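Chemist: Numbering (the working numbering), first residue to last: 36 to 459.
Even glycine gets a Cβ: it sits at the ideal position worked out from N, Cα and C.
Note that the structure is a prediction, hence the values are computed from the model and not measured.
Please see the structure below; I have some questions.
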């Protein structure tokens, strides 16, 4: 809104109005505003929740070797994140931008889905909340909508990167096609020129490979949104864990979005140039600001939990943003923590079911998701089960130490994700 106001005032030579045309100015202003809103609104929201005694179900202190009780802590803190994210975006973003519209819709859609889950847990007193199949339907639906819009919208185009060898030289110059058009190319790490076309993957269908490529793209979008959303949800188990990791991932995505929207940097990194995707930088700055602001209250000991209202939304935002800038194949590296959290749960449950059919109670980890494995005492283990990794780790860690170490790992993975653009 303010963007359009100041661009209008610019024609009257109002001092400073031209600053709103700079993406860096609006991005930094968005970051600051989201931080301030998160801090101001967060305090009032926590007090409001406490007055109405809307608390998280008491977490069992037996799972914590230090016996930390978390009683009387409000949940649904994802509302703080959503408000402090959307308000700056609506004020400072170009709201006619298709990519920004998709990010706003994703935020509201998954925020509402998570809110339903938290509402059922708190007010209906159902520990499992919204049934899993309904969550999956909601996640698949928004993934399908995003993929379909990216397919049909005429505003979703790119200029593919082309490397031209120089005469009498071993170097190449990266140029971009002069005309922007729809493309099924995406960035893959560790390969020369980075490009993979979904239509070429589906070339076995012959003349229908482009249509099949778009179908594959929509399927990949659904899988990415669902997987990252669930991964973030599983990662939300310790104070500050998910918010801190997501802020780091948001910074990396912001860098990738910026270089993808700048033809000079896109040429330097030999990646596709995506016109108008600079508005994603505005959104991601608001996202990072909201995450950091939320950490003010969510860091150990937490004054509020984000709940599924926050975690499902966070994962969806990360997944959709990566798909828009054609960096979805970098997510296994960038979101490595989310991936490992999900993988640990899958391994634990499937291995236990397999062994149970053989009449044995065998588990791989002491506890899952994997972050719980590092704080489990021997005395807290099921004595009727055998644990393959019973001696790992040798001693439990306090959750604040686990959280910070997971942050450090995510920083390393974010750096590696950026580095992959040059390692080929």
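Counting only C-beta atoms, is residue 383 closer than 7 Å to chain B at any point?
Modeler: Among the protein chains of the structure shown there is no chain B, as only one such chain exists.
Chemist: Buried or exposed: residue 214, going by 16 or more other Cβ atoms within 10 Å of its Cβ?
Modeler: Numbered from 1 along the chain shown, position 179 holds the residue referred to as residue 214. Result: exposed.
Chemist: Within 10 angstroms of the Cβ of residue 458, are there 16 or more other Cβ atoms? Answer buried if so, exposed if not.
Modeler: Your numbering for residue 458 matches position 423 in the chain shown. It is exposed - the Cβ of residue 458 has fewer than 16 other Cβ atoms within 10 Å.
Chemist: Using only the alpha-carbon positions, how far apart do residue 157 and residue 386 sit?
Modeler: Position 122 of the chain shown, counted from the start, is the residue given in the question as residue 157. Position 351 of the chain shown, counted from the start, is the residue given in the question as residue 386. Straight-line Cα distance between these residues: approximately 32 Å.
Chemist: Would the beta-carbon of residue 111 fall within 7 Å of that of residue 318?
Modeler: Here residue 111 corresponds to residue number 76 of the chain shown, with the count starting at 1. Here residue 318 corresponds to residue number 283 of the chain shown, with the count starting at 1. No, the pair does not count as a contact, with Cβ atoms beyond the cut-off.
Chemist: Let me know the alpha helix (DSSP H) ranges lying completely inside the segment 156–214, each 4 residues or longer, listed in chain order.
Modeler: 167–187
Chemist: What residues in its chain sit with their C-beta under 6 Å from that of residue 354, if we drop five residues either side in the sequence?
Modeler: What you label residue 354 is simply residue 319 of the chain shown in a count that begins at 1. Counting only Cβ-Cβ distances below 6 Å, and skipping sequence neighbours, we find 259, 260 and 263.
Chemist: Start and end of the beta strand (DSSP E) containing residue 438?
Modeler: Within the chain shown, numbered from 1, the residue matching residue 438 stands at position 403. That residue, residue 438, is in no beta strand (DSSP E); its alpha helix (DSSP H) goes 434–454.
Chemist: Taking C-beta to C-beta, are residue 226 and residue 361 nearer than 7 Å?
Modeler: Position 191 of the chain shown, counted from the start, is the residue given in the question as residue 226. Position 326 of the chain shown, counted from the start, is the residue given in the question as residue 361. It is not a contact, given that the beta carbons lie outside the stated cut-off.
Chemist: Report the rounded CA-to-CA distance for residue 81 versus residue 335, giving the unit in angstroms.
Modeler: Numbered from its first residue, the chain shown carries residue 81 at position 46. Numbered from its first residue, the chain shown carries residue 335 at position 300. Distance between the alpha carbons of residue 81 and residue 335 is about 15 Å.
Chemist: I believe residue 229 touches residue 305 by the beta-carbon criterion, under 8 Å. Please report the beta-carbon distance rounded to the nearest angstrom.
Modeler: The count along the chain shown starts at 1 and reaches residue 229 at position 194. The count along the chain shown starts at 1 and reaches residue 305 at position 270. That belief holds up - the Cβ atoms of residue 229 and residue 305 are roughly 6 Å apart, short of 8 Å.
Chemist: Could you check how far apart the C-beta atoms of residue 113 and residue 344 are, in whole angstroms? I think they sit under 8 Å.
Modeler: The sequence position of residue 113 within the chain shown is 78, counting from 1. The sequence position of residue 344 within the chain shown is 309, counting from 1. Right, the Cβ-Cβ distance comes to about 3 Å (below 8 Å), so this counts as a contact.
Chemist: So which of 218, 223 and 194 has the shortest CA-CA distance to residue 211?
Modeler: Taking the first residue of the chain shown as position 1, residue 211 is located at position 176. Nearest of 218, 223 and 194 to residue 211, Cα basis: 194.
Chemist: According to DSSP, is residue 66 helix, strand or coil?
Modeler: Indexing the chain shown from 1 puts residue 66 at position 31. Reduced to three states, the DSSP call for residue 66 is helix.
Chemist: Between residue 133 and residue 123, what straight-line distance do the alpha-carbon atoms span, to the nearest angstrom?
Modeler: Within the chain shown, numbered from 1, the residue matching residue 133 stands at position 98. Within the chain shown, numbered from 1, the residue matching residue 123 stands at position 88. Between residue 133 and residue 123, the C-alpha separation is close to 17 Å.
Chemist: What's the call for residue 240, buried or exposed, on a 16-neighbour Cβ count within 10 Å?
Modeler: By 1-based counting over the chain shown, the position of residue 240 is 205. The residue in question, residue 240, is exposed, as its Cβ has fewer than 16 Cβ neighbours within 10 Å.
Chemist: Check this for me: beta carbons of residue 116 and residue 321, under 7 Å apart or not?
Modeler: Position 81 of the chain shown, counting from 1, holds the residue named residue 116. Position 286 of the chain shown, counting from 1, holds the residue named residue 321. The answer is no: Cβ separation not under 7 Å.
Chemist: Distance, Cα to Cα, residue 176 vs residue 400?
Modeler: On the chain shown, residue 176 is found 141 positions in, with the first residue counted as 1. On the chain shown, residue 400 is found 365 positions in, with the first residue counted as 1. Approximately 33 Å, taken between the alpha carbons.
Chemist: Could you name the residues of the same chain whose beta carbon sits closer than 7 Å to that of residue 451, not counting the 5 residues immediately before and after it, in chain order?
Modeler: Along the chain shown, read from residue 1 onward, the residue named residue 451 stands at position 416. If we look at residue 451 and ignore the five residues flanking it on each side, its Cβ neighbours are 368.
Chemist: Is residue 402 helix, strand or coil by DSSP?
Modeler: For this step, residue 402 is matched to residue 367 along the chain shown. Residue 402: coil per DSSP, three-state reduction.
Chemist: Report yes or no: do the segment 269–285 and the segment 428–442 share at least 3 C-beta pairs separated by less than 8 Å?
Modeler: Remark: three or more beta-carbon pairs, one from each stretch, lie closer than 8 Å, so the segment 269–285 and the segment 428–442 are flagged as touching.
Chemist: May I ask you to report which of helix, strand or coil DSSP gives residue 222?
Modeler: As a first step, residue 222 must be located in the chain shown, where it is residue number 187. In the displayed model, residue 222 falls within a strand according to three-state DSSP.
Chemist: What's the C-alpha gap between residue 302 and residue 456?
Modeler: Counting from 1 along the chain shown, the entry for residue 302 is found at position 267. Counting from 1 along the chain shown, the entry for residue 456 is found at position 421. For residue 302 and residue 456, the distance between alpha carbons rounds to 11 Å.
Chemist: Return the first residue and the last residue of the alpha helix (DSSP H) that residue 369 is part of.
Modeler: One-based indexing of the chain shown puts residue 369 at position 334. Its alpha helix (DSSP H) spans residues 366–369.
Chemist: Label residue 187 either buried or exposed according to how many other C-beta atoms from any shown protein chain fall within 10 Å of its C-beta, with 16 as the threshold for buried.
Modeler: In the chain shown, the residue the question calls residue 187 occupies position 152. By the 10 Å Cβ count, residue 187 comes out exposed.
Chemist: Do three or more CB pairs link the segment 139–157 to the segment 46–62 at distances below 8 Å?
Modeler: no
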